[in-house]
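Participant: Chains as they are written, first to last, in our numbering: chain A, 14 to 479; chain B, 14 to 479. Glycine included, every Cβ here is placed at the ideal spot set by N, Cα and C.
Number of protein chains: 2
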Amino acid sequence: MQQTSWLAFSIDRSAKIPVFEQICAAIRGRVVSGGLTEGTALPATRVFATELGVSRSTVVTAYEQLVAEGYLRSRQGSGYAVCTISETEPNPSPVPSIRPAEDTALPPIPFEIGQPDTRLFPHRQWAKSVARVCRTNPEAMLAGGTSFGNPALRQAIAAHVAEWRGIDAAPHQVIVTAGSADALEICMSVLAEAGDQIGLESPGYLPARHFAKMRGLKSVYMQIDDQGAELPLGTPKFVVLTPSHQYPLGGAMSPGRRLEFIQCAESTGAWIVEDDYDSEFRYAGRPIPALAGFDRMNRTIYVGSFSKIFSNALRLGYLIVPDILLDRFRAAIKRSGVKASYMPQQALAEFMTSGEFYRHLRRVRRVYGERRKHLVDQLSREFAMFGTFEDHQAGMHIAFHLNDGLSDKTIACRASDAGIAVQPLSALSGKPYSMNGLALGFCGYTEDEADSALEKLKTCITKSVG
Amino acid sequence: MQQTSWLAFSIDRSAKIPVFEQICAAIRGRVVSGGLTEGTALPATRVFATELGVSRSTVVTAYEQLVAEGYLRSRQGSGYAVCTISETEPNPSPVPSIRPAEDTALPPIPFEIGQPDTRLFPHRQWAKSVARVCRTNPEAMLAGGTSFGNPALRQAIAAHVAEWRGIDAAPHQVIVTAGSADALEICMSVLAEAGDQIGLESPGYLPARHFAKMRGLKSVYMQIDDQGAELPLGTPKFVVLTPSHQYPLGGAMSPGRRLEFIQCAESTGAWIVEDDYDSEFRYAGRPIPALAGFDRMNRTIYVGSFSKIFSNALRLGYLIVPDILLDRFRAAIKRSGVKASYMPQQALAEFMTSGEFYRHLRRVRRVYGERRKHLVDQLSREFAMFGTFEDHQAGMHIAFHLNDGLSDKTIACRASDAGIAVQPLSALSGKPYSMNGLALGFCGYTEDEADSALEKLKTCITKSVG
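1. By alpha-carbon positions, which one of Ala-28(B), Ile-237(B) and Gly-330(B) ends up nearest to Lys-444(B)?
2. Are three or more beta carbon pairs between the stretch 358-373 of chain B and the stretch 135-148 of chain B nearer than 8 Å?
3. Output, in sequence order along the chain, the residues in the stretch 347-379 of chain A whose CB is closer than 8 Å to any CB in chain B.
4. Can you tell me the Cα-Cα spacing of Ser-232(B) and Gly-450(B), whole angstroms?
5. Starting from Leu-327(B), find everything on chain C with Cβ-Cβ shorter than 9 Å and list it in chain order.
6. Between the stretch 185-198 of chain B and the stretch 337-357 of chain B, do three or more beta carbon pairs fall short of 8 Å?
7. Whose Cβ in chain A lies nearer than 7 Å to the Cβ of Pro-261(B)?
8. When you compare the stretch 249-260 of chain A with the stretch 299-318 of chain A, are there three or more beta-carbon pairs, one atom per stretch, that lie closer than 8 Å?
9. Would a C-beta distance cut-off of 7 Å place Met-235(A) and Glu-206(A) closer than the cut-off?
10. Report yes or no: do the stretch 154-166 of chain B and the stretch 305-322 of chain B share at least 3 C-beta pairs separated by less than 8 Å?
11. Does DSSP put His-481(B) in a helix, a strand or coil?
12. Who are the near neighbours of Gly-350(A) in its chain, counting only those whose CB is closer than 6 Å to its CB and skipping five residues on each side?
13. Along the beta strand (DSSP E) that carries Val-252(B), what are the first and last residues, could you check?
14. Could you work out which residues of chain A lie near Trp-139(B), taking near to mean beta carbons separated by less than 8 Å?
15. If you pair each beta-carbon of the stretch 165-173 of chain A with each one of the stretch 394-409 of chain A, do three or more pairs fall below 8 Å?
16. If we call anything under 7 Å between Cβ atoms a contact, is Ser-280(A) one with Gln-240(A)?
17. Which residue comes first and which comes last in the beta strand (DSSP E) that contains Val-478(B)?
18. The alpha helix (DSSP H) that contains Asp-390(A), what's its start and end?
19. Beta strand (DSSP E) containing Met-365(B): first to last residue?
20. Short of 7 Å in beta carbon distance, which residues of its chain neighbour Gly-52(A), apart from the five on each side in sequence? Order them along the chain.
21. Does Glu-293(A) come out as helix, strand or coil in the three-state DSSP assignment?
22. Among the residues of its own chain, which have a CB less than 7 Å from the CB of Ala-412(A), if the five just before and after it don't count?
23. Once DSSP output is grouped into helix, strand and coil, what is the label at Lys-352(B)?
24. Put Ile-285(B) into one of helix, strand or coil per three-state DSSP.
25. Return the chain-ordered list of same chain residues with a C-beta closer than 7 Å to the C-beta of Ala-431(B), the five sequence neighbours on each side being excluded.
26. What residues from chain A crowd round Ser-324(B), counting only those whose CB sits closer than 7 Å?
27. Name the one or two DSSP bridge partners that Lys-444(A) has.
28. Measure the Cβ-Cβ separation of Pro-216(B) and Met-448(B) and say whether it is below 7 Å.
29. Considering only C-alpha positions, which residue in the set Ala-434(B), Tyr-381(B), Asp-417(B) and Arg-59(B) is nearest to Met-409(B)?
30. Can you tell me whether Asn-416(A) is buried or exposed, with buried defined as 16 or more other CB within 10 angstroms of its CB?
31. Answer with buried or exposed for Glu-383(B), where buried requires no fewer than 16 other C-beta atoms within 10 angstroms of its C-beta.
32. In chain A, which residues lie less than 8 Å from His-223(B) when you measure between Cβ atoms?
33. Taking the C-alpha atoms as reference points, what is the distance between Glu-4(B) and Phe-61(B)?
34. Check the Cβ of Thr-131(B) against every Cβ in chain A and list those closer than 7 Å, keeping chain order.
35. Using a Cβ cut-off of 8 Å, pull out every chain B residue sitting near Ala-434(A), in sequence order please.
36. Given Asp-209(B), which residues of its chain have a CB within under 6 Å of its CB, disregarding the five upstream and five downstream residues?
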């Protein structure tokens, strides 16, 4: 009872404000009022969670949010402590609060896939990087680039993929795009023409199918087995693969299968587009190097994204392109126009080189790891009678395969009515392959939010039985 | 000789640094060193130009650049005076200099069309707007929007088109896009499917033809007469028009022709996409209201752009969409993904509402007006034997029609070899219509740069005769 004396408060479960935000608000208030002074250790997460009657990960989320905002710092191996506000910011800003803007209040939708938790984003640190550019190099927000993007960012990306993805590429091979969807569209306009075949995974990423259809490309689907995508039939001009973490099923492609794809591309003159959409999120073991590194950027075009680590709102992704294709990519971008905003690029480069980016990445990986574990535990315990799943200890969602007799589309419809967003695997499948299951994102919301959503999901599934 | 005593210096014409930048550097140096004190009047532009042996517009460009940077202010009707640096910025920033980044040194290419002079951009004022967002509302850079964009920016755009373009639209009808090319692509994906007919102007905007082809749409071309585009044959799902200032010829569509298009759209259920790409630039008379205002947003989708006023690097444009189409636009954007970066949007909204945007617009309009006049004078004087042109006192380029026997494509090739970028009108034409002429941009470079480019162009044309 000793620790509760100074930080105890009661959680209002009937309030519209999420529990973790109530914890944040209480701590923020005490830091600002001076009740919590610099260096004070916060209660251990397990202890505090028990005291408040919430899950441990809710407390972790709240603490990490406050680290992101600059109220707390995490001490290596020994919990969290209070920062003074002046320690983090020379001119204290008005306290950022999570307030919905008019007509835009979009709370996170439980299970929506590919959505990071933007509430964890270090808005202040990002604002500092941007403000630094404003102060020291304002022109770099609008001038000094080519159609391939800002030189400093291209350099930071080359360094990032070298360290994180095992890709040895020069900055001149990096093209900054307006997210990975833009990157995929550019690849399609360079590598194939109307009537050509292309290979897509089934199940796979829906926008790729949409872009292919819009361009009159013929999609040949590749089934996924336990080694990853199978080689496609026909003679596609290029294949789109997710070898590090198959979308949406989650496994990694075996080294043997990778080699088969590379050899096949070499012998037929085809290209491999590697969509490495969420590879930074692995929760155990070593990262799985990119296919592009294995291939030494010979037949592979690499697509990376900042949306998962950062926020969809930034709209920045990138391509890494073999030298021999650079002129064709330049011409295609010239024809269609650059879509990527130049303005955030210098600040993002500084955010990456200053290390803030990686601090954030480690932080969210820790939180998402907890959330994944929670979802895995709940699914094992409460959903085993409805189907099966594999835990690949990676990514941002889990693919849950439904037993026969349960229709993923029916359940997804019911779930949508109940305010949750499960993705039916059958909708992501291409002919002649089909799958029956649900992709459940676990990153964008807290454990508490997950628990109430899982209850709703269970009701939806139960109603669909028989 | 009196005035030269304190500001005289010699221009180095052999230096790689443009003449106007040499003038800027000299004045900047004296302001920073204290040699020019607050309130000191600069020499009148004509006087100073004569002294230095440069054209008047070079001096105007240099002065305006320094106004943009905060070293000078323009005094209504009475020239320019020195500001102290502290007057413009509480914390003086390092002096911004126009330095090419590595591998990206892209000097303006004379005559390139649609290119604003980014050297005139008020980088500091823009940086202030961005820094203010960083300080007061950092989350607004990444959170709080919908797939249609930032609420504050949508509101600022609605106010802008009401005042400048005579369009009465609510903020919820505004969709922020990644430039006007993205806006056009979204329109195409919403309003037509593969195999459908669409109407495009001939000559017209090349990317529109490219996007249509990529989507399997059949382009029906509309010839341009002295009233603007003629009604298309066939039954297009939509037509793309540039009624305020035909691209690339330059005339405005007559009221009678506007009404015909609106009536035709109403009776056939077709849509009008109004591409209002550079309508803010009129150098005489009153602005020509948008077709969308005339039509009261009934059958017209309006496409606007910030690239011409601001910079291509921002990559922001917008759509204004009739209420009845909003759901279809929302679904299309969801399918393809948002391309517009959210990050600059709040700052741009503040830049607009603070009036900086309009100060910049008035400033560049003054400079571009001078440059247009210079080009018109030179063409009348030196190029009359090669062809004819009309001066519409608007836009960012002039269409010069070549006499028979001169091939625009041949001249454009030669010009490109000589480092200038004239656009052949024949390349912008669609079957069965063709035109022979050159579109000459006049905004992106100074009068001095124009003079040497015009000499080169004259050589290219002379060589093509006979």
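Facilitator: Working from what's here:
1. Ile-237(B)
2. yes
3. Shown in chain order are the members of the stretch 347-379 of chain A whose Cβ falls below 8 Å from a Cβ of chain B: Arg-348, Ser-349, Gly-350, Val-351, Lys-352, Ala-353, Ser-354, Tyr-355, Met-356 and Pro-357.
4. 23 Å
5. Structure shown: chain C not included; protein chains present are A and B.
6. yes
7. Ordered by position in chain A, no residue passes the 7 Å Cβ test against Pro-261(B), which lies about 17 Å from the chain.
8. The stretch 249-260 of chain A and the stretch 299-318 of chain A touch, with no fewer than 3 CB-CB distances between them shorter than 8 Å.
9. no
10. no
11. Any question about residue 481(B) goes unanswered here, given that chain B covers just 14 to 479.
12. Closer than 6 Å at the Cβ level, and outside the excluded window around Gly-350(A), lies no residue.
13. 251-254
14. Within chain A, the residues near Trp-139(B) are Pro-151, Met-154 and Leu-155.
15. no
16. no
17. Note, Val-478(B): premise wrong, no beta strand (DSSP E); not H, not E.
18. 369-395
19. No beta strand (DSSP E) contains Met-365(B), which is instead part of the alpha helix (DSSP H) from 358-366.
20. Ala-94 and Val-95
21. coil
22. Pro-261, Leu-262, Gly-263, Phe-402, Leu-438, Gly-450 and Ala-452
23. Assigned with DSSP and collapsed to three states, Lys-352(B) falls in coil, not helix or strand.
24. strand
25. Lys-469 and Cys-473
26. Leu-155
27. Lys-444(A) pairs with nothing; no bridge assigned.
28. yes
29. Tyr-381(B)
30. Per the 10 Å Cβ criterion, exposed.
31. buried
32. Arg-348 and Ser-349
33. The requested residue 4(B) is not part of the displayed model; chain B covers only 14 to 479.
34. Leu-155 and Ala-156
35. Result: empty, since nearest Cβ-Cβ is about 13 Å, beyond 8 Å.
36. Only Leu-230 and Lys-250 meet the Cβ criterion.
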